[in-house]
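Written out below as structure tokens is the structure these notes cover.
Numbering (my numbering), first residue to last: 1017 to 1317.
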């Protein structure tokens, strides 16, 4: 783990912030890069970030404490986040955890900054159809066996990179060199709603040929609803936005699957991201929003 003087630390953080700017909405990008550089975001680092950005320290600490993959204390040079929950428990995750502890020589949650490998539990990472699964660095490793555990730890102890753990690439776009993932889509029956062949951009072309009010009425008539649990009508939500005061509107797309056991959007995001962005463009046109933000969960990033 890197040890730095205060002056070098300040200079390093300053360089990171310089890449993004001091605007508050860049804070998430900044703290992620700071953690990648220093292994954690300690109280001192929070203070440095706040001072350079001209914001309160508690604003930085609030972000760091809220997100699971941000940490105030180092957890090892490479951290293994093993998924736990209902589905992993039926897939032998307890035995896998014991195997990891045996090979690493430390319990889960018991690692320090000087350890080459840290072990941590994490909640559902959207791999319920291929558990036991873990995040190792930024790499998703699926269908872990006790024999896999020995190979994984041996590889990391030799200084191997997590990317090299992808021994067999997954299907669809997971197999692309740009994605390099061992995740499989496990599609049993190909339905028209998500996976039918379609002309990219055809929906957007139709939308921009209509008045914004006409698009809104079409969305209302479709009875399209949000899938976050409440089933709130999409058209009504758009209507509220249009009627709200203010000249500037922003479009936010929540691509997080926070409910344990769900992973339906993972396939959409992997195989047809253009559909997501086309939908955002249609919504942006209808609402008069010139900027859009996609919120993507860390496990899918």
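Glycine included, C-beta positions come from ideal geometry on N, C-alpha and C.
In this structure, residue 1207 keeps its C-beta atom at 8 Å or more from the C-beta atom of residue 1199. By the neighbour-count criterion, in which a residue is buried when 16 or more other Cβ atoms sit within 10 angstroms of its Cβ, residue 1097 is buried. Around the beta carbon of residue 1282, a 10 Å sphere encloses 16 or more other beta carbons of the protein chains shown; the residue is thus reported as buried. The DSSP-derived three-state label of residue 1178 is helix. Beta-bridge pairing by DSSP links residue 1140 to no other residue. Linking residue 1158 to residue 1099 through their CA atoms gives a straight-line distance of about 10 Å. When the beta-carbon positions are compared, residue 1070 and residue 1103 stay at least 8 Å from each other.
With 16 or more other Cβ atoms from the protein chains shown falling within 10 Å of its own Cβ, residue 1025 counts as buried. A check of alpha carbon separations from residue 1085 across 1140, 1286, 1236 identifies 1140 as the nearest.
In the displayed model, residue 1195 falls within coil according to three-state DSSP, outside both helix and strand. For residue 1181, the closest of 1111, 1156, 1277 by C-alpha to C-alpha distance is 1156.
One alpha carbon belongs to residue 1068, the other to residue 1033, and they sit about 8 Å apart.
For residue 1286, the enclosing alpha helix (DSSP H) has its first and last residue at 1280-1287.
Counting only residues of its own chain and dropping the five nearest sequence neighbours on each side, residue 1231 has a CB closer than 8 Å to the CB of 1223, 1298, 1301, 1302. Looking only at 1082, 1056, 1076, 1105, the smallest Cα-Cα distance to residue 1043 is reached by 1076.
Scanning 1242, 1226, 1134, 1106 for the CA closest to the CA of residue 1117 turns up 1134. DSSP places residue 1157 within a strand segment (E or B) once states are collapsed to three.
In this structure, residue 1123 lies away from residue 1173, with their beta-carbon atoms at least 8 Å apart. Residue state for residue 1083 is assigned as coil, using DSSP reduced to three classes.
DSSP places residue 1312 in the coil class of the three-state scheme, outside both helix and strand. The criterion of a C-beta distance shorter than 8 Å is satisfied by residue 1312 and residue 1271.
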